[in-house]
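What follows is one structure encoded as structure tokens, with my remarks underneath.
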Amino acid sequence: GAIIANGQMIRGMRHGAGEIGQTSIDYQGHAGHYGNRGSLEDYIGNGEITARAREAYTAAGIQKSLDECSPAALASAAYHGDAIAMAQWNDTARMLATAMMNCCWLLNPEAIVIGGGVARAGELLFQPFKDHLFSQLSGPFKDGLVILPAAFGHEAGTIGAAALAREHSGIRQRV
2 GAIIANGQMI RGMRHGAGEI GQTSIDYQGH AGHYGNRGSL EDYIGNGEIT ARAREAYTAA
62 GIQKSLDECS PAALASAAYH GDAIAMAQWN DTARMLATAM MNCCWLLNPE AIVIGGGVAR
122 AGELLFQPFK DHLFSQLSGP FKDGLVILPA AFGHEAGTIG AAALAREHSG IRQRV
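Numbering (the numbering used here), first residue to last: 2 to 176.
Structural data, given as structure tokens:
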């Protein structure tokens, strides 16, 4: 994640600002990688989406492999009308919207850019995300707020890291 204000990346005291994935969406949730409870990353990462989907199918008496429950497979199933897959994307969108709602109340952004693996689901994620987010915001916190897919899709993090490394290396030419 990143926060851009007035064209500049906000880095924070120890260059950790913008770690949206560590935002808690469930303060009673399990301890995440960094010890914080209920972090977004621990709920909507690819592995977590897969595990939740497999549990939902199993509860419905449907046996699916992990591959059949991957975010890509869930997107395909949802586009073909699979109710369990559609519910998984709605839940993922709701959790992402909860984290972003907190960011909106704190930062009042002009835009939210969504990238990473979950963004590959397209409108299966984006439409319910917008619905959930805008139902939780009001007035100047939602008026004019734009939701965009990352220009580099699931490669956004890698490209951003490379750009940051280039900036710190002193290299100024385009590669």
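Where is the CB? At the ideal position from N, CA and C, for every residue including glycine.
Sequence-distant residues of its chain with Cβ nearer than 7 Å to residue i (five each side left out)
{"i": "Val1", "result": "Outside the shown range of the chain, which is 2 to 176, sits residue 1, and nothing can be said about it."}
{"i": "Arg12", "result": "Ala18"}
{"i": "Leu67", "result": "Thr51 and Arg55"}
Test item: CB-CB of residue i and residue j under 7 Å
{"i": "Ala86", "j": "Ala94", "result": "no"}
{"i": "Ile45", "j": "Pro72", "result": "no"}
{"i": "Arg55", "j": "Lys65", "result": "yes"}
{"i": "Phe142", "j": "Leu97", "result": "no"}
{"i": "Ala100", "j": "Thr24", "result": "yes"}
Helix, strand or coil at residue i according to DSSP, with G and I counted as helix
{"i": "Leu149", "result": "strand"}
{"i": "Asn7", "result": "coil"}
{"i": "Gly140", "result": "helix"}
Whole-number beta carbon distance between residue j and residue i, since they are thought to touch under 8 Å
{"i": "Gly8", "j": "Ile21", "result": "About 19 Å; that fails the 8 Å criterion."}
{"i": "Met102", "j": "Gln128", "result": "Going by Cβ atoms, the distance from Met102 to Gln128 rounds to 16 Å, so no, they are not a contact pair."}
{"i": "Gly33", "j": "Glu42", "result": "7 Å"}
{"i": "Leu125", "j": "Ala76", "result": "6 Å"}
{"i": "Ala122", "j": "Trp90", "result": "6 Å"}
Contacting residues, own chain, Cβ-Cβ under 8 Å from residue i (five flanking each side not counted)
{"i": "Gln29", "result": "Arg38 and Gly39"}
{"i": "Trp106", "result": "Leu138 and Phe142"}
Same chain only: Cβ atoms within 6 Å of residue i, ignoring 5 sequence neighbours per side
{"i": "Asp27", "result": "Gly39"}
{"i": "Val147", "result": "Ala112"}
Quick check for students: name the residue ranges of the alpha helix (DSSP H) that lie wholly in the segment 14–82, counting only runs of 4 or more.
42–45, 47–60 and 72–80
What runs of the beta strand (DSSP E), each 3 residues or longer, lie entirely inside the segment 81–136?
112–115
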